[in-house]
Amino acid sequence: MRRRSLPVDGLSHEFELDLAPLLAVMVKLVPVLIVSSAFVPIVVIQSELPAPVAAAVSEAKPNEMPQLELQIHPSRGIQMKLSSGGKTLSELKMAYPQKEDEFKTVQESLARFKRQAPQLFRLDLLPQGNVPYDTIVKIIDAARKSPTKNEKFKFTNPQSGTLEETEYMYPDVVFANTLEG
Amino acid sequence: MDRRIRFKKKPNTTFSLNINSMTDMFTIMLVFLLQTYSTNSYDVKPQMGVRMPTSVSDQQPQEAPMVSLSKDLLSLNEKELLKVNNFMVASKDIDQGEIIKPLLAALQEIKKSKKDKEEIILQVDREAPYPNVRQILSTASMAGFLKVRLATISGN
């Protein structure tokens, strides 16, 4: 038997949503957020590190550890030198980086030095001539972490004596030529 | 003559205001502002005339004395300290080759009240040549501020 569907009266699909309270909240929120927003997000480059890396950095004794120097000059380019006890272990010269991919090459070269001395976290930076501040920041950026996310460097945690892995290369950058006069 | 009584229609005093588009606009603004909202307790204010370099660092700044260097001004904690000429400090303000005398005095004054603090924030224009930055670094280390935080714009 066929059933007839009866039309239901009084069920209107149109309704009015009162948006006034929502708007009132928004009007109050917007000025608060405008005042507290940081439209230019400023960050700092510093050497606060995860605990094991920080311990390795602080435990590293300059006389016992190898030393990595990075000299940068606008016309002479970059010179990296890994030495230990006054003896040069390896050296590398590169052209002065200007483009983004050239800084990537610097990062890869630093990773090569890191593989040679994984316990070393300090980089002695020696900018020379009129190197712009921007280039220095880019070099520090490049030196900080491994060029690839997959590559991690093994080092011995001086506190526990266990082997740890880190993506950090040279987070402890020192401007070695300040106060030279 | 047939006179008809004309009823004047009363003007409707209530009207509905369509606020949908306004709500849309506020929603977009709210989302944008929530994204840029800073929860950090200390914000570094960019100084006039300083175009900072970008970096991939994600570390938030902590409160510390801030030295800014633009093409024509050296300032400490947002207060003008010295006029400079194309990042260069006048030779009369330089001592021992690279110590900026007014900056050293101001930093030593700060150091007196904050003896345990060793950090300064450096906000330098991206084009500043290193010898001028080195003068600030040397002056800061002379005053006892050994850790330098380089303020940059987040490039992430």
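Which chain is which? The protein sequence lines are S and W, in order.
With the numbering used here, the residue at position 70 of the first sequence is 81, and numbering never jumps.
With the numbering used here, the residue at position 23 of the second sequence is 413, and numbering never jumps.
Glycine included, every Cβ here is placed at the ideal spot set by N, Cα and C.
Locate the alpha helix (DSSP H) running through residue i, then write down its first and last residues.
i, result
"W/Ser447", "No alpha helix (DSSP H) holds W/Ser447; DSSP gives it neither H nor E."
"W/Gln498", "Lys491 to Ser503"
"S/Ala106", "S/Ala106 -> no alpha helix (DSSP H), and no H or E assigned at all."
"W/Arg441", "No alpha helix (DSSP H) contains W/Arg441, which DSSP labels as neither H nor E."
"S/Lys115", "Glu111 to Gln127"
"W/Thr417", "Asn410 to Thr426"
"S/Ser8", "Because residue 8 of chain S is not part of the residues shown, which for chain S are 12 to 192, the question remains open."
"S/Val148", "Tyr144 to Arg155"
Taking the beta strand (DSSP E) that residue i falls in, what are its first and last residues?
i, result
"W/Ile510", "Glu509 to Val514"
"S/Arg133", "Arg133 to Pro138"
"S/Ile89", "Gly88 to Ser95"
"W/Ala533", "First-last for W/Ala533: Tyr520 to Ala533, but that is the alpha helix (DSSP H), not the beta strand (DSSP E)."
"S/Gln82", "Gln78 to His84"
"W/Ala541", "Lys537 to Ser544"
"S/Val54", "Ile53 to Ile56"
"W/Val479", "Segment: none, W/Val479 is in no beta strand (DSSP E) and carries neither H nor E."
"S/Lys163", "No beta strand (DSSP E) holds S/Lys163; DSSP gives it neither H nor E."
"S/Leu174", "Leu174 to Thr177"
"W/Asp483", "From DSSP, W/Asp483 is part of no beta strand (DSSP E); its letter is neither H nor E."
"S/Phe186", "Asp183 to Phe186"
If distances are taken between C-alpha atoms only, which option among the options comes closest to residue i?
i, options, result
"W/Arg441", "W/Gln486, W/Ile510, W/Gln425 and W/Leu459", "W/Leu459"
"S/Arg187", "S/Thr99, S/Leu134, S/Ser86 and S/Leu40", "It should be pointed out that residue 187 of chain S corresponds to Ala in this sequence rather than to Arg. Here the closest residue by C-alpha is S/Leu134."
"S/Tyr179", "S/Thr189, S/Pro158, S/Ser171 and S/Gly172", "S/Pro158"
"S/Val184", "S/Asn141, S/Leu121 and S/Ala35", "S/Leu121"
"S/Pro182", "S/Lys156, S/Lys160, S/Asn161 and S/Lys163", "S/Lys156"
"W/Tyr432", "W/Tyr520, W/Gln452 and W/Ser465", "W/Gln452"
"W/Asn467", "W/Ala454, W/Lys482 and W/Asn410", "W/Ala454"
"S/Lys160", "S/Asp145, S/Asn141, S/Ile151 and S/Glu119", "S/Glu119"
"S/Met91", "S/Gln109, S/Phe50, S/Lys110 and S/Pro138", "S/Pro138"
"W/Gln449", "S/Glu111, S/Ser86, S/Asp152 and S/Val46", "S/Asp152"
"W/Pro436", "W/Val538, W/Val457 and W/Tyr427", "W/Val457"
"W/Leu464", "W/Thr426, W/Leu512 and W/Lys507", "W/Leu512"
"W/Asp483", "W/Val538, W/Asn522 and W/Ser411", "W/Asn522"
"S/Ser95", "S/Glu80, S/Met105, S/Ser86 and S/Thr189", "S/Glu80"
"W/Thr529", "W/Gly545, W/Ser544 and W/Glu509", "W/Glu509"
"S/Asn141", "S/Ile83, S/Lys110, S/Glu27 and S/Leu40", "S/Ile83"
Just to confirm, are residue i and residue j a CB contact at a threshold of 8 Å?
i, j, result
"S/Val117", "W/Ser447", "no"
"W/Thr542", "S/Val148", "yes"
"W/Leu540", "S/Ile56", "yes"
"W/Glu488", "W/Arg524", "yes"
"S/Pro77", "S/Leu103", "no"
"W/Phe352", "S/Leu34", "The requested residue 352 of chain W does not occur in the structure, where chain W is confined to residues 391 to 546."
"S/Leu30", "W/Thr413", "yes"
"S/Tyr107", "W/Tyr520", "no"
"W/Asp485", "W/Val474", "no"
"S/Ala154", "W/Thr426", "no"
"S/Thr177", "S/Lys163", "yes"
May I ask whether a heavy atom of the ligand GTP can be found less than 7 Å away from the beta carbon of residue i?
i, result
"W/Ser460", "What this structure holds is no ligand at all, so the ligand GTP is not there to describe."
In chain A, what lies closer than 7 Å to residue i by C-beta?
i, result
"W/Ser458", "Among the chains of the structure shown, chain A does not appear; the protein chains present are S and W."
Worksheet item: Does the region 118–130 of chain S touch the region 159–168 of chain S, meaning 3 or more C-beta pairs lie closer than 8 Å?
Response: yes
Practice prompt. Evaluate the contact criterion for the region 478–492 of chain W versus the region 415–429 of chain W: three or more CB pairs, one atom per stretch, below 8 Å.
Written response: no
Worksheet item: Are the region 527–536 of chain W and the region 490–508 of chain W touching, with three or more C-beta to C-beta distances below 8 Å?
Response: yes
Fill in: Contact set between the region 534–545 of chain W and chain S, restricted to residues whose Cβ is under 9 Å from the partner
Lys537, Val538, Arg539, Leu540, Ala541, Thr542, Ile543, Ser544 and Gly545
Worksheet entry | Residues of the region 138–154 of chain S with Cβ closer than 8 Å to any Cβ of chain W, in chain order | Pro138, Gln139, Gly140, Asn141, Val142, Pro143, Tyr144, Asp145, Ile147, Val148, Lys149, Ile151 and Asp152
Worksheet item: Taking any Cβ of chain W, which residues in the region 87–101 of chain S have a Cβ under 9 Å from it, in chain order?
Response: none
Worksheet item: Which residues, taken in chain order from the region 114–126 of chain S, show a beta carbon closer than 7 Å to some beta carbon of chain W?
Response: none
Worksheet item: Listed from N- to C-terminal order along the chain, which residues in the region 170–189 of chain S have their beta-carbon within a distance smaller than 8 Å of any beta-carbon of chain W?
Response: Phe186, Asn188 and Thr189
Worksheet item: Between the region 495–506 of chain W and chain S, which residues of the former have CB atoms less than 9 Å from a CB of the latter, in chain order?
Response: none
Worksheet entry | Residues, ordered as in the chain, of the region 32–47 of chain S that lie near chain W by beta-carbon distance below 8 Å | Leu33, Leu34, Met37, Val38, Leu40, Val41, Leu44, Ile45 and Ser47
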